[in-house]
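One structure below.
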Amino acid sequence: MGTREIRYFQVGSHAVGNRLLDPEQRTVQADPERANALTCGHRACQGCGEALGARYVVDAALRATAGRLVAVNATGCLEVFSTPYPETSWQLPWLHSLFGNAPAVATGVAAALRAQGHEDVRVLAQGGDGGTVDIGFGCLSGMFERDDDVLYVCYDNQGYMNTGVQRSGATPPGARTATTEAVGDAPGAPFGQGKDVPRIAMAHGVGYVATATVADLRDLEGKVERAMEVRGARYLHVLVPCPLGWGSPPALTIRIARLATQTGLFPVYEARDGEVTGVTTIRRHVPVEEYLRPQKRFAHLFSHPSGPAALARIQEMADRNIERYRLLGDGGAT
Amino acid sequence: MRRQIEGAKGVAEVVAACRPQVICAYPITPQTHIVEGLGALVRTGALRGCEFVNVESEFAAMSVAIGASAAGARAYTATASQGLLFMSEALYNASGLGLPVVMTVANRAIGAPINIWNDHSDAMSQRDSGWIQLYAETNQEAIDLHVQAFRLAEEMSVPVMVCMDGFVLTHAFEPLEVPTQEDVDAFLPPFTPRQVLDPSEPVSIGAMVGPEAFTEVRYLAFHRQREALGRIPEIAAEFAAAFGRDSGGLLHTYRCEDARTVVLAMGSVLGTLKDTVDALRDEGVAIGVVGLTSFRPFPMAAVREAVGGAERLIVLERAFSVGVGGIVSADVHMAVAGLGQLHHTVIAGLGGRPVTRASLRRMMLEAVEGRLEPLTFLDLDRDLIDRELARVRARPRSGPAAENILRDVGVVGARPH
Ligand SMILES: Cc1ncc(C[n+]2csc(CCOP(=O)(O)OP(=O)(O)O)c2C)c(N)n1
Ligand code: SF4
Ligand SMILES: [Mg+2]
Chain A
0 MGTREIRYFQ VGSHAVGNRL LDPEQRTVQA DPERANALTC GHRACQGCGE
50 ALGARYVVDA ALRATAGRLV AVNATGCLEV FSTPYPETSW QLPWLHSLFG
100 NAPAVATGVA AALRAQGHED VRVLAQGGDG GTVDIGFGCL SGMFERDDDV
150 LYVCYDNQGY MNTGVQRSGA TPPGARTATT EAVGDAPGAP FGQGKDVPRI
200 AMAHGVGYVA TATVADLRDL EGKVERAMEV RGARYLHVLV PCPLGWGSPP
250 ALTIRIARLA TQTGLFPVYE ARDGEVTGVT TIRRHVPVEE YLRPQKRFAH
300 LFSHPSGPAA LARIQEMADR NIERYRLLGD GGAT
Chain B
0 MRRQIEGAKG VAEVVAACRP QVICAYPITP QTHIVEGLGA LVRTGALRGC
50 EFVNVESEFA AMSVAIGASA AGARAYTATA SQGLLFMSEA LYNASGLGLP
100 VVMTVANRAI GAPINIWNDH SDAMSQRDSG WIQLYAETNQ EAIDLHVQAF
150 RLAEEMSVPV MVCMDGFVLT HAFEPLEVPT QEDVDAFLPP FTPRQVLDPS
200 EPVSIGAMVG PEAFTEVRYL AFHRQREALG RIPEIAAEFA AAFGRDSGGL
250 LHTYRCEDAR TVVLAMGSVL GTLKDTVDAL RDEGVAIGVV GLTSFRPFPM
300 AAVREAVGGA ERLIVLERAF SVGVGGIVSA DVHMAVAGLG QLHHTVIAGL
350 GGRPVTRASL RRMMLEAVEG RLEPLTFLDL DRDLIDRELA RVRARPRSGP
400 AAENILRDVG VVGARPH
């Protein structure tokens, strides 16, 4: 995908209308011939960030591989809402095996394709945050370490949503889930060390690692396409708000994803061979409250006596990211 | 040509001759020599067109096999014991998806207490996983069963476990014949699945199925295994015609004609059983042996036919279900329901304890003389058990017993708790 610097200040984001671009540079979704890999009729909730993210990812991957793509899916919302027997929303060969084995199943598909001389066919594995950072983590690490030719995409909605919004290893501190209720002295999920899988992927020396959100779909498409230019293991971590689990209005899915990046809580970057090579800087830096307030899962932080201290710690996390990834750039907004 | 080789090496060579395209390897005793052998064959180029994947767990091994098989490759792996349990979730998945993976299980006990030696607890624990389970009596049969297993799996769209006793078979050196590449090629056609992950013909595999069709999908799995009951002896017969050896099939009978007592068993213990029976026959005891090769599917009709004429059945098992007793026995009893025979279950050879002719002979004579209990643990050291039970009665608390027992047999110097 070609890219061109365009400054379009009215939007307050990097989003740009397709009208301003040459046809060959337009987003995959603007193409009437797009694969539409995840067709409508699936059963995701209104405003589901995961459905949106997956459609963009798979369509972009299909374009990057000229349709020569196989997808492997972990158990989770994406799998359940897209393939209720006897229907399927998928327009590409798609395999669901288990919750915790998608990376290994993808390895198997890639090995089979290689053994049969079909190396032009590429493999995309996808799972939720639970399937990725928790139960499938061993398989993911094995796939990274062997450098199998798989692009693994984690759709991070920060919890086990398919089973009814329980805490996962990716649930942020303070968040209310069904297993970290907003009761007691320290309501919501406890503050831990976090489990930063993109950085863990980088520590494996994975050739291409990137983070993205559904707030910048053009960026997401570009990252998928760049990932497909590389052979070996690759990892893409996409923040996908979940209206049901986050208690956010469906219409705000994209805005909330954007706020996650504008606070610094979710850094958007790209890394090659273990080194960060590009960062999406924040154009409008906002305090974490602005991101947390519209989400009911954080409501107690604004009413409970422990709230201010928790908010301060969350702000510290955002500030730390801003510093680590230089999210405000070197000379202010770009 | 027969060569003096290790059982595991023979299995590695025959699996290679079956031209697997993806092999997933994760080590566990006593399976290791099989995957090591295959790894070497891939490295040296003796086995071409095959991806050898060193995975990070058995769960991954089976998962890689699932992906490979769904993408149209002939997939193989091997494991044992804890490894088989670690892949349990994926085992059900492979069979549920109808993927014809073939796996060697080098049968070994399950811990705790950890034990690396042979019994059948591992494979028995996966009895209901939807896999076909074939048990080899000898290393030659283990070798031959692999060729048949790929044929059967791919024809029936069901994964197959070839179970061979750990150490007793895997590590035994003996003269073995490994089928030649040409002969295997003639017997085993290339893998051509009905559905594969192919971008030119996209399919969704592994969809969620609700109450409206789940029973039917499961019934079809049952139906396929029932059909396999017909194919297993046919494939064995074709194998015999092509290779000149009787291997596989549903079961083997030995001196069962006019036998009033029949002993049923699986695996390598059958050799000792036959020797024991020979001696008893010489003394005029009307006793025979049935060796079960196919445990899943369970050959109800064939078992009934084989043992229906006997008055007394002894099922000798290398595993048991805690709280009940025999596992194979339950199926055998169903097969012979209504015949009014006397039934005995004998649990023997757990965790590698040798099953000797002397013990078998004693047990069989007890049976024939009407002194054998319905459920017996062969060679159980009653004294050790009584001592530990007395300790437990004196101080009832929960906790492991193994250390106390080891102390009693003089293995470690730990004090009893
Ligand atoms: C071994 C196993 N444990 C638990 C489950 C139940 N389960 C299915 S989906 C799911 C949650 C998925 O969470 P995540 O991976 O984050 O995906 P999401 O639904 O949030 O998109 C769980 C816990 C399962 N299917 N398998
Ligand atoms: S629960 Fe969340 S992730 Fe699942 S379908 Fe609904 S919005 Fe999407
Ligand atoms: Mg999730």
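Sequence lines, in order, name chains A and B.
With numbering that gives the first Met the number 0, letter number 127 in the first sequence gets 126, and the count goes up by one each step, no holes.
With numbering that gives the first Met the number 0, letter number 347 in the second sequence gets 346, and the count goes up by one each step, no holes.
Ideal placement from N, C-alpha and C gives every residue a C-beta, glycine not left out.
Subject >> Rounded Cβ spacing between Arg-259/B and Ala-301/B (contact assumed at less than 8 Å) >> reply: Sequence index remark: in the second sequence, residue 259/B carries index 260 (1-based). Sequence index remark: in the second sequence, residue 301/B carries index 302 (1-based). So it is not a contact: roughly 20 Å between Cβ atoms.
Subject >> Local Cβ density within 10 Å of Phe-301/A, reported as buried at 16 or more and exposed below that >> reply: Numbered from 1 along the first sequence, position 302 holds the residue referred to as residue 301/A. Exposed, by the Cβ-count rule.
**OP:** Could you tell me whether any Cβ in chain B is nearer than 8 Å to the Cβ of Ala-103/A?
**Re:** Counting from 1 along the first sequence, the entry for residue 103/A is found at position 104. Contact with chain B is found for Ala-103/A, since one of that chain's Cβ atoms lies less than 8 Å from the residue's Cβ.
Original post:
When the Cβ atoms of the region 163 to 177 of chain A are set against those of the region 292 to 307 of chain A, are three or more pairs found closer than 8 Å?
Top reply: Here the region 163 to 177 of chain A lies against the region 292 to 307 of chain A, with 3 or more beta-carbon pairs under 8 Å apart.
**OP:** Determine the direct distance from the alpha carbon of Gly-141/A to that of Val-237/A, and round the result to whole angstroms.
**Re:** Translated into positions along the first sequence, residue 237/A becomes position 238. Translated into positions along the first sequence, residue 141/A becomes position 142. Per the coordinates, the alpha-carbon of Val-237/A lies some 21 Å from the alpha-carbon of Gly-141/A.
Original post:
Do Asn-156/A and ligand 5 come close, with the Cβ less than 7 Å from some heavy atom?
Top reply: Although ligand 5 was asked about, the structure shown includes only ligand 1, ligand 2 and ligand 3 as ligands.
Original post:
Would the beta-carbon of Pro-249/A fall within 8 Å of that of Gly-40/A?
Top reply: Position 250 of the first sequence holds residue 249/A. Position 41 of the first sequence holds residue 40/A. Not a contact, by the Cβ cut-off of 8 Å.
Original post:
Secondary structure at Gly-331/A, three-state DSSP: helix, strand or coil?
Top reply: Stepping through the first sequence from its first residue, residue 331/A is reached at position 332. Annotation note: pLDDT 44 at Gly-331/A (below 50); position unreliable, coordinate value reported separately. Three-state result, Gly-331/A: coil.
**OP:** Name, please, each residue of chain B whose Cβ falls closer than 8 Å to the Cβ of Cys-138/A.
**Re:** For the purposes of this step, residue 138/A is identified with residue 139 of the first sequence, where counting begins at 1. Taking the beta carbon of Cys-138/A as reference, the chain B residues within 8 Å of it are Glu-55, Ser-56, Phe-58, Ala-59, Ser-62, listed in sequence order.
Subject >> Alpha carbon of Ala-401/B to alpha carbon of Phe-242/B, nearest angstrom >> reply: Within the second sequence, residue 401/B is the residue found at index 402, counting from 1. Within the second sequence, residue 242/B is the residue found at index 243, counting from 1. Cα to Cα, Ala-401/B sits roughly 48 Å from Phe-242/B.
Original post:
Going along the chain, which unbroken runs of the beta strand (DSSP E) with 3 or more residues stay wholly within the region 144 to 193 of chain A?
Top reply: If we require 3 residues or more, the beta strand (DSSP E) runs fully inside the region 144 to 193 of chain A come out as 149 to 155.
**OP:** Taking Ala-389/B as the reference, give the member of Phe-376/B, Phe-190/B, Ile-404/B with the closest Cα.
**Re:** Here residue 389/B is taken as the residue at index 390 of the second sequence, counted from 1. Of Phe-376/B, Phe-190/B, Ile-404/B, the residue nearest in Cα terms is Ile-404/B.
Subject >> Short CB-CB distance (under 8 Å) between Ala-332/A and chain B >> reply: Locating residue 332/A in the first sequence gives position 333, where the first residue counts as 1. Interpretation of Ala-332/A is limited by its pLDDT of 41, a score under 50 that renders its predicted location unreliable; no figure is taken from the coordinates.
**OP:** Step through the CB atoms of chain B and report whether any lies within less than 8 Å of the CB of Val-79/A.
**Re:** Looking up residue 79/A in the first sequence gives position 80. Put simply, the CB of Val-79/A is near chain B, with a gap under 8 Å to one of its CB atoms.
**OP:** Could you spell out the range, first to last residue, of the beta strand (DSSP E) harbouring Gly-287/B?
**Re:** For the purposes of this step, residue 287/B is identified with residue 288 of the second sequence, where counting begins at 1. Where Gly-287/B is concerned, the enclosing beta strand (DSSP E) stretches over 286 to 291.
Subject >> Range covered by the alpha helix (DSSP H) that runs through His-32/B >> reply: As a first step, residue 32/B is located in the second sequence; it is residue number 33 there, counting from the start. Unbroken alpha helix (DSSP H) run through His-32/B: 31 to 42.
Original post:
So does the region 71 to 83 of chain A actually touch the region 19 to 31 of chain A, counting three or more Cβ pairs closer than 8 Å?
Top reply: No, the region 71 to 83 of chain A is not in contact with the region 19 to 31 of chain A.
Subject >> Distance between Thr-169/B and Phe-294/B (C-alpha atoms, nearest Å) >> reply: Against the second sequence, residue 294/B aligns to sequence position 295. Against the second sequence, residue 169/B aligns to sequence position 170. Computed Cα separation, rounded: 20 Å.
Subject >> Sufficient close CB pairs (3 or more, under 8 Å) joining the region 176 to 194 of chain B to the region 47 to 67 of chain A >> reply: Counting Cβ pairs under 8 Å, fewer than three are found: no touch.
**OP:** Kindly list, in the order they appear in chain A, the residues whose Cβ is closer than 7 Å to that of Ile-27/B.
**Re:** By one-based count along the second sequence, residue 27/B stands at place 28. In chain order: nothing, as chain A lies at least about 16 Å away.
Original post:
Beta-carbon of Leu-97/A versus every beta-carbon of chain B: anything under 8 Å?
Top reply: Mapped onto the first sequence, residue 97/A falls at position 98. Leu-97/A counts as touching chain B.
**OP:** Could you tell me which of Gln-192/A, Val-149/A, Asp-184/A, Ala-181/A sits nearest to Ser-168/A, measuring between CA atoms?
**Re:** By 1-based counting over the first sequence, the position of residue 168/A is 169. The sequence shown places Gly at residue 168/A, rather than the Ser named in the question. Per the Cα distances, Gln-192/A.
**OP:** Decide if the region 3 to 10 of chain B is in contact with the region 159 to 175 of chain B; the criterion is three or more beta carbon pairs, one per stretch, under 8 Å apart.
**Re:** When Cβ pairs closer than 8 Å are counted between the two stretches, the region 3 to 10 of chain B is seen to touch the region 159 to 175 of chain B, the count reaching three or more.
Original post:
Any contact of the region 136 to 156 of chain A with the region 219 to 234 of chain A, i.e. 3+ C-beta pairs under 8 Å?
Top reply: The region 136 to 156 of chain A vs the region 219 to 234 of chain A: in contact.
**OP:** Go to Asp-385/B, then tell me how far its beta strand (DSSP E) extends in each direction, as first and last residue.
**Re:** Within the second sequence, numbered from 1, the residue matching residue 385/B stands at position 386. Not the beta strand (DSSP E): Asp-385/B falls in the alpha helix (DSSP H), residues 381 to 393.
Original post:
Quick one: is Glu-136/B buried, meaning 16 or more other Cβ sit within 10 Å of its Cβ, or exposed?
Top reply: What you label residue 136/B is simply residue 137 of the second sequence in a count that begins at 1. By the 10 Å Cβ count, Glu-136/B comes out buried.
Original post:
What residues match up with Thr-260/A in a beta bridge as DSSP calls it?
Top reply: What you label residue 260/A is simply residue 261 of the first sequence in a count that begins at 1. In DSSP, Thr-260/A forms no bridge with anything.
Subject >> chain A contact residues for Gly-205/B, given Cβ-Cβ distances below 7 Å >> reply: Taking the first residue of the second sequence as 1, we reach residue 205/B at position 206. Scanning chain A for C-beta atoms nearer than 7 Å to the C-beta of Gly-205/B yields Leu-94, His-95, Ser-96, reported in chain order.
Original post:
If we count the other Cβ atoms within 10 Å of its Cβ and call it buried at 16 or more, is Glu-153/B buried or exposed?
Top reply: Reading the second sequence from its first residue, position 154 is the one you call residue 153/B. With 16 or more other Cβ atoms from the protein chains shown falling within 10 Å of its own Cβ, Glu-153/B counts as buried.
**OP:** Drop a sphere of 10 angstroms on the beta-carbon of Met-333/B, count the other beta-carbons inside from all chains shown, and report buried for 16 or more, exposed for fewer.
**Re:** Residue numbering aside, residue 333/B sits at position 334 when the second sequence is read from its first letter. Exposed: under 16 other Cβ atoms inside 10 Å.
Original post:
Counting only beta-carbon atoms, is Trp-245/A nearer than 8 Å to chain B?
Top reply: Translated into the one-based positions of the first sequence, residue 245/A becomes position 246. So, not an interface residue.
Subject >> Among Pro-304/A, Pro-240/A, Val-223/A, Glu-269/A, nearest to Val-122/A - alpha-carbon criterion >> reply: Your numbering for residue 122/A matches position 123 in the first sequence. Taking the Cα of Val-122/A as reference, the smallest distance to any Cα among Pro-304/A, Pro-240/A, Val-223/A, Glu-269/A is reached at Val-223/A.
Original post:
What do you get for Leu-371/B, buried or exposed, if any count of 16 or more other CB atoms within 10 angstroms of its CB means buried?
Top reply: As a working mapping, residue 371/B is identified with position 372 in the second sequence. Note on Leu-371/B: 16 or more other CB atoms within 10 angstroms of its CB, so buried under the neighbour-count rule.
Subject >> C-beta atoms of Gly-247/B and Leu-133/B nearer than 8 Å >> reply: Locating residue 247/B in the second sequence gives position 248, counting from the first residue. Locating residue 133/B in the second sequence gives position 134, counting from the first residue. For Gly-247/B and Leu-133/B, yes; Cβs fall inside 8 Å.
**OP:** Could you tell me which chain A residues have their CB closer than 8 Å to the CB of Ala-89/B, listed as they occur along the chain?
**Re:** Residue 89/B sits at position 90 when you count from the first residue of the second sequence. In chain order: Ser-96, Leu-97, Asn-100.
Original post:
What residue ranges within the region 204 to 232 of chain A form continuous alpha helix (DSSP H) runs of no fewer than 4 residues, ordered along the chain?
Top reply: Entirely contained in the region 204 to 232 of chain A, the alpha helix (DSSP H) runs reaching 4 residues are, in chain order, 216 to 227.
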